[in-house]
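In this note's numbering, the protein residues as written are 4 to 540. Heads up, the beta-carbon is just placed ideally off N, CA and C, and yes, glycines get one too. Keep in mind that this is a model prediction, so the values were computed, not measured.
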């Protein structure tokens, strides 16, 4: 096993994704798939947590009767968890609210009602968190509200200033040490951070602290953004500036940074949200969009989380971040369109030109088979199904001649992405979709998530799905980063004096814009370089 990972979640939407993610891992622990337990994990809290608990789970081991009770219960119920930072909220009911506002609540299970499964009564992420929380996992920001028209943590400078308070920094370090000291071997930190609001500034300071204090450890940061629509001019401009500053600062302090969203664009011009052929989700519900991102995240991080993994988080980052490319793009097929009863070569042969996945990094998707390097994970495909059984007949294609699922996937990637450095992992264990995971799947899916030719007479809940996901260092990131830079160039900073009065100097903002432009140039190919030159002219 490569070692333990500490997870920090900073923000409301980060909590949404994290709540589903930890639910998926708890389900995996209860599953006999692959005949082994998921790796023991420790998760750390973060420190700006809020009105609904900054989501988390307990870390194994420790001193003190209360701590031992919490850890024993956490081990019994599911995997070690994460810490969360979130702005304070007066909303919320039930034990979730108590866990946040209580001084030192005992680990408790948050009730999940049937209304939550449809998304009807969900207001904040802890409404559907179905794992135990450890008191040390939550830190509440009392200065800000997560909703309402005033008192919100809405500007990058506000988030940065929170961590300039010595008492706040001391509290964060104490909570980090609580979990880090329990690790037999700490391989690094996973940071889930809201990118669109003031938590972008919180994440920038937190990753800077991690980089300084835990030099040599991996820091893999996910910048999360919900699907937004009908926002005002002021909110849209704030979102744009927070996002740009977050990308620049988070990527500079992380081993690898990945923007993750179902929104079609991070820029000023709105784009339709990402669609999936076999999921009927409501993009306006964070309960739905965060579940999809959690399934992708659970798959993308598998290479350094599994007991049998040979690589670490740093190894994954170094595979993708060469030549200054500290930003990666995420792609996923949720679910992977595997036909019931067909082999993996049969399925992949139908997608010889374009991989059947969608871009989850808020950019206009360009159907170009090009990337510099990638890490690809396919899960939920049985090893026995890698070939079609036609004894005595020659293989129908080179893919059918391969001897293992790993060889099939690697050969397929070489054909679709010639010249790219590709690593691949194939896992038998599927992504579990038991409650409280939303049931928004097509009626064409079986209980195991495989496709049928026509809907069955009697439908049943989808209990698991196969997933194909990839992290790529790709030219598509030039489109994303340079497009964001151009949109910000059109803004007049003098119109948003309130944003800069929160703590960001205008000169620092322009410097960050130049860094964003430089970062975008790392992903240029010939076509993008010509386009950028034309823009500058």
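Suppose you measure from the CA of residue 485 to the CA of residue 433; what does that come to, to the nearest Å?
The count along the chain shown starts at 1 and reaches residue 485 at position 482. The count along the chain shown starts at 1 and reaches residue 433 at position 430. Rounded to the nearest angstrom, the two C-alpha atoms are 36 Å apart.
Roughly how many whole angstroms lie between the Cα atoms of residue 415 and residue 355?
Residue 415 sits at position 412 when you count from the first residue of the chain shown. Residue 355 sits at position 352 when you count from the first residue of the chain shown. Rounded to the nearest angstrom, the two C-alpha atoms are 8 Å apart.
What alpha helix (DSSP H) runs, 4 residues minimum, are completely inside the stretch 194-278?
202-216, 236-256
How far does the alpha helix (DSSP H) with residue 382 in it reach, from first residue to last?
Counting from 1 along the chain shown, the entry for residue 382 is found at position 379. Here residue 382 belongs to no alpha helix (DSSP H); instead the beta strand (DSSP E) covers 376-382.
Quick check for students: name the residue ranges of the alpha helix (DSSP H) that lie wholly in the stretch 461-522, counting only runs of 4 or more.
479-492, 500-504
Could you give the C-beta distance for residue 502 and residue 241, rounded to a whole number, given that I count them as a contact under 8 Å?
As a first step, residue 502 must be located in the chain shown, where it is residue number 499. As a first step, residue 241 must be located in the chain shown, where it is residue number 238. Confirmed, about 6 Å.
Determine which residues share a DSSP beta bridge with residue 191 and list them.
The sequence position of residue 191 within the chain shown is 188, counting from 1. Paired residue(s): 8, 221.
I'd like the list of long-range same chain contacts for residue 327, defined as Cβ closer than 6 Å, with 5 residues on each side in sequence excluded.
In the chain shown, residue 327 corresponds to position 324, counting from 1. These residues qualify, in order along the chain: 525.
Between residue 450 and the rest of its own chain, which residues show a CB-CB distance below 8 Å, the 5 nearest in sequence each way excluded?
For the purposes of this step, residue 450 is taken as the residue at position 447 of the chain shown. So the list reads 463, 464, 465, 466, 467, once near-sequence residues are dropped.
What three-state label does DSSP hand residue 289 in the structure shown?
Walking along the chain shown from the start, residue 289 turns up at place 286. Helix.
With a threshold of 8 Å, are at least 3 pairs of Cβ atoms found where one atom belongs to the stretch 244-254 and the other to the stretch 491-508?
yes
Tell me which residues share the same chain as residue 256 and place their Cβ nearer than 6 Å to its Cβ, disregarding the 5 neighbours each side in the sequence.
Taking the first residue of the chain shown as 1, we reach residue 256 at position 253. The answer, listed in chain order, is 210, 211, 214.
If you run the structure through DSSP and keep just helix, strand and coil, what is residue 443?
As a working mapping, residue 443 is identified with position 440 in the chain shown. Looking at residue 443 - three-state DSSP - the assignment turns out to be coil, as it is neither helix nor strand.
Taking the C-alpha atoms as reference points, what is the distance between residue 521 and residue 446?
On the chain shown, residue 521 is found 518 positions in, with the first residue counted as 1. On the chain shown, residue 446 is found 443 positions in, with the first residue counted as 1. If you draw a straight line from the Cα of residue 521 to the Cα of residue 446, it is about 46 Å long.
Please list the terminal residues of the continuous alpha helix (DSSP H) segment that includes residue 343.
Position 340 of the chain shown, counting from 1, holds the residue named residue 343. No alpha helix (DSSP H) contains residue 343, which DSSP labels as neither H nor E.
Is the distance from the Cβ of residue 452 to the Cβ of residue 341 below 9 Å?
Within the chain shown, residue 452 is the residue found at index 449, counting from 1. Within the chain shown, residue 341 is the residue found at index 338, counting from 1. For residue 452 and residue 341, yes; Cβs fall inside 9 Å.
Mind checking whether residue 428 and residue 406 have CB atoms under 9 Å apart?
As a working mapping, residue 428 is identified with position 425 in the chain shown. As a working mapping, residue 406 is identified with position 403 in the chain shown. Cβ atoms of residue 428 and residue 406: not closer than 9 Å.
Compare the Cα-Cα distances from residue 195 to each of 455, 259, 157, 270 and report the closest residue.
Position 192 of the chain shown, counted from the first residue, corresponds to residue 195. Measuring from the Cα of residue 195, the nearest candidate turns out to be 259.
Can you check DSSP and say which residues form a bridge with residue 427?
Residue mapping note: residue 427 aligns to position 424 of the chain shown, counting from 1. Residue 427 is bridged to 379.
So which of 170, 380, 219 has the shortest CA-CA distance to residue 308?
Within the chain shown, numbered from 1, the residue matching residue 308 stands at position 305. It is 380 whose Cα lies nearest to the Cα of residue 308.
Within the same chain, show all residues whose beta-carbon is closer than 7 Å to that of residue 523, passing over the 5 residues directly before and after it, in chain order.
Looking up residue 523 in the chain shown gives position 520. 481, 484, 485, 488, listed in sequence order.
According to the neighbour-count rule (16 or more other Cβ atoms, all chains shown, within 10 Å of its Cβ), is residue 458 buried or exposed?
The residue labelled residue 458 in the question sits at position 455 within the chain shown. So residue 458 counts as exposed.
Starting from the Cα of residue 218, find the closest Cα among 190, 367, 264 and give me that residue.
By 1-based counting over the chain shown, the position of residue 218 is 215. Of the candidates 190, 367, 264, the residue whose Cα lies closest to the Cα of residue 218 is 190.
Are residue 435 and residue 27 close, meaning C-beta to C-beta below 9 Å?
On the chain shown, position 432 is the one that residue 435 refers to. On the chain shown, position 24 is the one that residue 27 refers to. Yes; because the gap between Cβ atoms is below 9 Å, this pair is in contact.
With three or more beta-carbon pairs closer than 8 Å as the criterion, would you say the stretch 300-316 touches the stretch 285-292?
Counting Cβ pairs under 8 Å, fewer than three are found: no touch.
Just grab the DSSP bridge partners of residue 334 for me.
Counting from 1 along the chain shown, the entry for residue 334 is found at position 331. According to DSSP, which records beta bridges pairwise, residue 334 is partnered with 362, 473.
Could you please give the first and the last residue of the uninterrupted alpha helix (DSSP H) stretch that includes residue 181?
Counted from its first residue, the chain shown places residue 181 at position 178. Segment 169-183, the alpha helix (DSSP H) holding residue 181.
Taking the alpha carbon of residue 363 as the reference point, which residue from 232, 294, 7, 174 has its own alpha carbon closest?
To locate residue 363, count along the chain shown from 1; it is residue 360. Out of 232, 294, 7, 174, 294 has the C-alpha closest to the C-alpha of residue 363.
Looking at the strands, I want to know which residues DSSP matches up with residue 354.
As a working mapping, residue 354 is identified with position 351 in the chain shown. For residue 354, which the question treats as bridged, DSSP gives no partner whatsoever.
How many whole angstroms separate the CB atoms of residue 221 and residue 159, which I take to be in contact at a CB cut-off of 8 Å?
By one-based count along the chain shown, residue 221 stands at place 218. By one-based count along the chain shown, residue 159 stands at place 156. 25 Å between Cβ atoms; not a contact.
Helix, strand or coil for residue 134, going by three-state DSSP, please let me know.
The residue given as residue 134 occupies position 131 in the chain shown. DSSP places residue 134 in coil when its eight states are reduced to three.
Does the distance from the CB of residue 470 to the CB of residue 382 come in under 9 Å?
One-based indexing of the chain shown puts residue 470 at position 467. One-based indexing of the chain shown puts residue 382 at position 379. It is a contact, given that the beta carbons lie within the stated cut-off.
Does the Cβ of residue 171 have 16 or more other Cβ atoms within 10 Å, making it buried, or fewer, making it exposed?
Numbered from its first residue, the chain shown carries residue 171 at position 168. With 16 or more other Cβ atoms within 10 Å, it is buried.
If I'm right that residue 264 touches residue 224 with Cβ under 8 Å, what's the distance once you round it to whole angstroms?
What you label residue 264 is simply residue 261 of the chain shown in a count that begins at 1. What you label residue 224 is simply residue 221 of the chain shown in a count that begins at 1. Actually they do not touch by this definition, with Cβ atoms about 14 Å apart.
Name the DSSP bridge partner or partners of residue 402?
Translated into the one-based positions of the chain shown, residue 402 becomes position 399. Answer is none; residue 402 lacks a bridge partner.
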